[in-house]
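Protein chains in written order, with the working numbering: chain A, 1 to 79; chain B, 80 to 1059; chain C, 1060 to 1484; chain D, 1485 to 1650.
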Amino acid sequence: MTVLSCPFCGVRELSEFEFHKTLPNAGDDPLSATYFRINRVDDSQEYWQHVRGCRAWLQVRRNPSTGQVLEMILLGTRT
Amino acid sequence: MKAAIKRVGTRLSDKTIQFFFDGRVYQAQVGDTAASALLAQGVNALGRSIKYRRLRGLLAVGPEEPNALLTVGLSPMVIPNVSAPQLQLREGLVLKSQNRWPSLRWDVASLLQLGGGFFGAGFYYKTFMWPSWRTYEPLIRRLAGLGEAPGASDATAVSVEYLRCDVLVAGGGAAGLTAALVAAQSGARVLLVEREPVIGGELEFESAVIDGQPAATWVATTQKTLESLGVRTLTDTTLVGGSEGVYIAHREPGGLAGHNGVFRIRSGGLVIAMGAIERPIAFVDNDIPGVMLLGAAERLSRRYGALTGRRPVIFANHQRAYAAAARLVKAGVAVQAVIDTRPATVLEQDATTVRHYASLKASGVLCLSQSVVVAAKGRRAVTGVVIKHLVSGQAKRLPCDLLLTSGGWSPAMHAGLQGGGVRHYAADSGAFTAAQQPTGRVTVGASSGCFELASLLTEAARIAAALVSDLGFKLDSPRPPMGLGDPAPQLMPYWRSPCTQALEKRQFIDFQNDVTVADLRASLAEGFIDIEHVKRYTTLGVGTDQGRTSNVLAAAILAEFKGESIESVGLSRPRPPYHPMTMRAMAGWRVGAALRISKRTPLHDWHVAHGGVLDPMGLWMRPRFYLSNGVDAATAAVAEARRVRTTGGMVDGSTLGKIEVVGAEAGLFLDSMYLTKASTIKVGRSKYMVNLREDGMVLDDGIVLRLAPDRFIATTSSGHAEHMLSHFEHYRDVDWAGRAVTLTDVTDAWSVIAVAGPCSRSVIQKVLGSDWHARVAALTHMDFARGEFAGAPLTVLRASFSGELAYELHIGPSAALALWEALSAQGLEPYGIDALDILRVEKGYLVSSELNGETTPDDLNMGSLVQLGNPCVGRALLNRPAFSESTRARLVGVRALDGRSSFLAGAQLTDPSSTRPLGYITSSVFSPTLNEWIGLALVARAQAIEEATLVARDPLRGQETLIRVTATVHVDPSGERIKS
Amino acid sequence: MSLASPHYSAWALLRARLAGSGYWKPLWTGRALKNHYDVVIVGAGGHGLATAYHLARDHGIQRIAVLEKRLVGYGNVGRNTTIVRSNYLLPENHYFYEDALRRWGTLSRDLNYNVMYSPRGVVDLAVSDDEVPALARRGNALRLAGIDAELLDVAALERRYPEIAPRRARRFPLAAALVQARGGTVRHDAVAWGYARAASALGVDIIEDCEVTGVRVQAEVAQGVETNRGYVRAERILFATAGHTGMIGTLLGVPLPIETHLLQAMVSEPIKPFLHTVMVSVFPGHGETYISQSDRGGLVMGGHLDGFPSYTREGTWDRMQDVVEGAVDLFPQLGGVKIVRQWAGTNDMTMDGSPIIDRLRYNNVFLNAGWCYGGFKTIPASGAACATLVATGTAPDLIKGYALSRFASGHLLDEPGRGPFPVRL
Amino acid sequence: MSESLLLERALGMRPAAVRLVEVAAFNVPRDDVESLGLPSRPGAVSREDGGSCTLYFAPGRWLLVAPSPVSETRVLAASEWGSWVDVTGKWVAMALQGEAAEWMLASTVDLETTLRNRDCAAVTLFDCPSILVREAQGFVVWVRASVADAWVSAVERLGVNGPRTV
């Protein structure tokens, strides 16, 4: 993985982005949401921030075995 | 020094220069490399191997060279391990051979090789255990390493350039040039990088005709065409890393760091045309100086005329040997024999070879088929070879002064295996290539296992056309260059000559690391069978050359031993960088002071001009103290703090983080972020607030100001500012998406001057003038007023970091200096961060020592805030049982029991009768107000009782102090001063 | 003829020299996979092999198999930067890591395999006076626990390690250092091989190319494991699969407080030894570098995680650059030295940065995981303690803190106070 | 430093010469953004008479560069759908002109990709948070005030050791 495509800024180098955490997918209770993860080798839901760019928070679905980005959602909007 | 005869070569000029090698002066011509000049003057031995310290000569002419590595320069300004065949000589260059003592010729440690085989793979794992490895390690380390460790700084910045193209072509040989041409003709923007100082690759010496022109002319024409199509060509530049559209190339002209640069290339497509690496054949003593790869000899001869007068024997397993031999003969090299492993019938498969064969015979060159070299002879240089007929078994000896071997070529495919891409083995050419490439990446030419010019050109054109078409460029029927060069190799894989098992320890595979056939056999015998295990056990391929000449050879010999196919043995995984890269090139411009940016406040220059001693705090530069107040930090800080309490002082607080939170729901948003409610703050008022992390630990604290019903400014501590902004933004964008709240980072939009002390009100009133007089007077604790000063916005907030009557002046940066100087003109003296620390510990205020990510609100005596019940981030996890146990630490004040002794932050606290830690001191200062050492500490709840006696144990600094537990507020516990 | 690997010694080397080929035997024997074991250990890395060794040696368990998807020691045990130390802040950690450090001291002799423990010292550099209290807190905690630690000021640093030139002008000037003299390095591959050899000699079956694909459960008791070579009955199962632990949790339907991240390392060309210790420095503004020089002469370096979940084992260029920037800042004389190889391992990062050794969902299933950055250095302690847990069903005191329940109870072991995030650089 | 390079560092620090306002919307995209006179295409720059301009640099975020204080009516209108925050002093403008400008920037960013289909971009240049704006001639870079000196030093270093090595 060398670049990510920010929905606002376009293609930018990976170093501009920071991974925050995988989505709390092990349950909604605070303990599960904070600590526990369901790890899948081919599908990971994650929060990232384009922190050295537009600072948008992104929800990224990736395949962590290949680095392929499956889906990229710009957060912060309510549709 | 004898005067050398002028040599002729494609890279040489007539101009002569001098250089030094191991203390002797040598002559060279401009254009020479260290290897070519030394070889031309009869210097065969250029280095010693890492383990057995065997004397070694040149094997290859390229970065794959394992032996001829030199140290450049004079101690301590040296560059170690420079590849001699890539090192362009300059006048007066000082070179040294490596890994020998006292001299290259006589090396004491080379006696180790007498134990050859004894020290083979696995040796160290089996001994040196008693009494411990440490007993032997220093001696072993003395023998370690190759080149001298540099002793002087070599960390000047290296330039970095970002480039953009549609197609990056790595390698400017016949295939790369063809691919570049086709891609450029399609309208794609092409960037060509070539490791050598000139393009052309093997066409530099191969006898070829392309499009009716001699190869050299075609290269020149193509270069012009590429230029006219806007193709940028970077010579001396190697692709070293990257994948998936971002590639790193390193420019290192002359083979020496010094003028190097780094290119970061964004490209849609990548064409790997990096050629192939010739590999040796294993036979006994195949490492004696003078045993060299055939291709290396061709390059030395053609480029530098460096082999004239030599008498080589050629040993190979392919057709190319005859073409090469013919060229060498033509160049005045007295080739003695061509030893071919293959039957004679193969020669007849193409007319060119038949012609070469005949002319070689006519020149008196002995040509033997189905014959192999079983051993090289000679001690310090090769003096002859032992040849054996594979069928009859007859052996004979031939004299020679060079032995040129070629066991075929291993495609350079590192780049083809990153980010997907698997290896494929072609048994007929004995070549591993990269297959299943991801979209946008192709391999052409010898890199793809294609070794014959005519088909290589056609294929390169076809593949390049397909690539640009995938990238969306249109191409009208590309016309590939038509060429004819050396015949197809008709290679018959041949890996090692027969020998007794006892001699296998002299059949070298990885020259740099002295890995022999015997080591491979030993590795298998001990159960290290997988290629990855063999690599780790024998150190195969881990040297500076990363096994470029040895990997495939080793795989083939392992396959022989295991009775498997070479494909199933495979190769160990290549790792980036594809080519060794200097550390400073990797660091680029982030060296020295530029390692990280420095953040400065608008008052930076004033601090510097007025004796402020600035230290990094995170990325910020902040004044610790002012020299005008004392000669060192301790003296000055105490003086500064004392002055604040007696009269007053001012401190630059501009580094505080500030986030403006706006919108109808801003208050509700902040409620969710803080332990207590922001929505209840009245306009014009502010409040001390605390944030929790998701897991309930206190993250940060700060003052929140309410500017308007829908407008707040949240301040954060300096060190947490960036994290807090991201933290707020995360919740705003995830949980509050689309709601009526926005966040704006206004940290740099407001400078902060904190004025503290009894005189603060009157000074501020004087400086701000009559307009502000009454407003300032009216401010009670945590009130603020807004207005202007010197044309810039000003907020005067009555709040205190120090426990004094104090005001924070938030001022637009343009007027910050004016305001600071105006305050200074009223006699207000500055104080630094150290004094601030004294003042806040006196008052029991918290900083990162206490907000260390391990403390709950309850630990910090803020349990009452939790009781208010605001459901903020992190609150839900505060109910965990561990957080209320009696061993859980709580914040207390501490002072020396005797009222005099000192103690330092970081001391552990125990019962006087025990050494089991019950807590530790988080902050300690000498209080000028109390005239004694005071501190804050986190202590187990069971012991966190006022007047309990504990010991501050600080064995690291040799201190042990009886202390008593106190309240956290040491000075003015009732807060009279703040309210005054 | 015995199949067992002969005893290693200088004498044996001489004997082998006289005996010619055939003297040395495979370190571990490729026995056939049986269909029933007392203990099946999944993962032939350092922890799995060490646990197998201790189960056989200390607890007399006869039928043990270590099932490995790929190769003995192919994971993190052979991909780390070889550093061993016990200078951890929290008692739960420092006593455990100290147990490991003591065992490193005698491990070569215990295993009759030279793992080259080199107590050359680990030097944690502080680049600001502000960092000194935290270093002192840690060092004092260590000293009170009977573990060696020294705090050096700049002058002492200059005397002891002149190669770092502590007074050189730097963007972040050096302020002090916490030194653990008994910390150092261990030849990483040798650890896996030495344990494999010793376990094999005790009768443990080490089965390579054997991937576990499932666990068979009946009435809340695990019965055995499904593998690509068929079903294997097991009385007890231990998972020691490092970077692949998260998937094991998913396989068993137990979410774990773990994410898998890449940690990379790199090595330079060999140069004559000049750095005789391990230097560690954390720089403000996302940067960390640890650097040592191997007995071959290569500079071995590492730093932060790449920063996002990954199983690719291909480290990012930017992180390598980041580490090298730090190395050049510490040692500007290395500017002209070349990096020849970079590699990466997949690290099982927990949400508090400390490991997990505990039961996992079923009474007879155990987990040894969550090693974060620290797995290699604990192997001898982890093997011994984990073997006790698996053999007796009770966690020894040394690892009681590593229970999974600590996240719910709040007994977190968060050394840096980073909170529930594997990555916060 | 290269002669052909003109580096200015004037706009931001001169009091009252220019006002900077960051506008943030509660939600993006919004239909009525354009009716408020804000550009709606990511990376767009709208320029008005009198020298003011508006940069759409981040989702739902605009930087207004205005020669005078922003009018009361616009600020009031904002409360319906977003916010206006005076950030004068937060950003400092650097003008890069001349032929050296592009290669200078090329030593820290892939200029072409970053400004593809847009005239401004929020980006980190020489490790400094910046907003890069393409102008008719050259570029204007808005750099965070606290790192403006760092930015200038980085550019000055290039003057001595420029990226043009070829």
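Glycine residues also receive a C-beta, built at the ideal position from the N, C-alpha and C atoms.
Notebook entry, point to check: Looking at residue 374(B) and residue 140(B), is the spacing between their C-beta atoms short of 9 Å?
Noted result: The answer is yes: Cβ separation under 9 Å.
Next item on the list: Under 8 Å Cβ to Cβ from residue 180(B), same chain only, skipping five residues before and after it: list those, please.
Entry: Here the set comprises 186, 187 and 188.
Checklist line | Contacts around residue 1152(C), its chain only, beta-carbon distance under 7 Å, and the 5 residues preceding and following it disregarded | finding: 1413, 1472 and 1474
Notebook entry, point to check: Does any residue of chain C bring its CB to less than 9 Å from the CB of residue 205(B)?
Noted result: With 9 Å as the cut-off, residue 205(B) counts as an interface residue toward chain C.
Note to self: Using a 10 Å radius around the Cβ and a threshold of 16 neighbouring Cβ atoms, would you call residue 1331(C) buried or exposed?
What the structure shows: Burial is judged here by how many other beta carbons sit within 10 angstroms of a residue's own beta carbon; residue 1331(C) has at least 16 and is buried.
Next item on the list: Please name the residue in 166(B), 884(B) and 612(B) whose C-alpha comes closest to that of residue 859(B).
Entry: 884(B)
Next item on the list: Express the C-alpha separation of residue 853(B) and residue 72(A) in angstroms, rounding to a whole number.
Entry: 55 Å
Notebook entry, point to check: For residue 1191(C) and chain B, any beta-carbon pair shorter than 9 Å?
Noted result: yes
Margin query: Against chain D, which members of the segment 237-268 of chain B pass a CB distance test of less than 7 Å?
Written below: Listed by position, the residues of the segment 237-268 of chain B near chain D (Cβ gap below 7 Å) are 238, 239, 240, 241 and 243.
Item checked: First and last residue of the uninterrupted beta strand (DSSP E) at residue 547(B) -> Careful: residue 547(B) lies outside any beta strand (DSSP E), inside the alpha helix (DSSP H) at 532-549.
Notebook entry, point to check: Which residues, taken in chain order from the segment 797-813 of chain B, show a beta carbon closer than 9 Å to some beta carbon of chain A?
Noted result: 801, 804, 805, 808, 809, 811, 812 and 813
Notebook entry, point to check: Taking contact to mean at least 3 C-beta pairs separated by less than 8 Å, is the segment 204-220 of chain B in contact with the segment 355-371 of chain B?
Noted result: With the cut-off at 8 Å, the segment 204-220 of chain B and the segment 355-371 of chain B do not touch.
Margin query: To test your reading of the DSSP string, which unbroken alpha helix (DSSP H) runs of 4 or more residues are found completely within the segment 1398-1484 of chain C?
Written below: 1434-1451 and 1465-1468
Margin query: Quick check: what's the CA-CA separation for residue 851(B) versus residue 890(B)?
Written below: 14 Å
Checklist line | Spatial distance of residue 1(A) from residue 61(A) (CA atoms) | finding: 13 Å
Check: If you measure beta-carbon to beta-carbon, which residues of the segment 676-699 of chain B are closer than 9 Å to chain D?
Finding: 676, 677, 678, 679, 680, 681, 683, 698 and 699
Check: Got a sec? Which residues, its chain only, sit under 8 Å from residue 348(B) by beta carbon, not counting five neighbours each side?
Finding: 245, 246, 247, 262, 267, 519, 520, 521, 546, 547, 549 and 550
Next item on the list: Measure the C-alpha to C-alpha separation of residue 973(B) and residue 986(B) and round it to an integer number of angstroms.
Entry: 12 Å
Notebook entry, point to check: By the criterion of Cβ-Cβ separation under 7 Å, what are the contact partners of residue 94(A) in chain D?
Noted result: The structure shown has nothing for residue 94(A), since chain A only spans 1 to 79.
Checklist line | Nearest-angstrom Cα separation, counted from residue 683(B) out to residue 706(B) | finding: 15 Å
Note to self: Do residue 1267(C) and residue 1287(C) count as a contact pair if the criterion is CB distance below 9 Å?
What the structure shows: In this structure, residue 1267(C) does not lie closer than 9 Å to residue 1287(C) by Cβ.
Item checked: Distance, residue 118(B) Cα to residue 462(B) Cα -> 16 Å
Next item on the list: Enumerate, from N- to C-terminal direction, the unbroken alpha helix (DSSP H) stretches of 4 or more residues contained entirely within the segment 649-696 of chain B.
Entry: Counting only runs that start and end inside the segment 649-696 of chain B, the alpha helix (DSSP H) elements of at least 4 residues fall at 662-666 and 683-688.
Check: Is any beta-carbon of chain A found at less than 9 Å from that of residue 321(B)?
Finding: Between residue 321(B) and chain A, the shortest Cβ-Cβ separation is below 9 Å.
Check: From this set, 1354(C), 1357(C), 1378(C) and 1372(C), which residue's C-alpha is nearest residue 1365(C)'s C-alpha?
Finding: 1378(C)
Checklist line | Closer than 7 Å at the beta carbon, the chain A residues around residue 1308(C) | finding: 39
Notebook entry, point to check: Any contact of the segment 779-787 of chain B with the segment 39-56 of chain A, i.e. 3+ C-beta pairs under 8 Å?
Noted result: no
Next item on the list: Quick one: grab the DSSP three-state call for residue 1392(C).
Entry: Helix.
Next item on the list: Please check if any C-beta of chain D sits within less than 9 Å of the C-beta of residue 74(A).
Entry: yes
Checklist line | Proximity below 9 Å, CB of residue 798(B) to CB of residue 948(B) | finding: no
Next item on the list: For residue 1512(D), go through chain A and note every residue whose CB falls closer than 9 Å to its CB, in chain order.
Entry: 8, 74, 76 and 77
Note to self: Can you tell me which residues form a DSSP beta bridge with residue 256(B)?
What the structure shows: Answer is none; residue 256(B) lacks a bridge partner.
Item checked: Where residue 1158(C) falls: helix, strand or coil (DSSP) -> Reduced to three states, the DSSP call for residue 1158(C) is helix.
Checklist line | Exposure of residue 1644(D), with buried meaning 16 or more beta-carbon neighbours within 10 Å | finding: Any reading at residue 1644(D) must be qualified, since the residue scores a pLDDT of 43, below 50, and its modelled position is unreliable; no value is offered.
Note to self: Less than 9 Å between the beta carbons of residue 793(B) and residue 834(B), yes or no?
What the structure shows: no
Note to self: I'd like to know whether the C-beta of residue 61(A) is nearer than 9 Å to at least one C-beta of chain C.
What the structure shows: no
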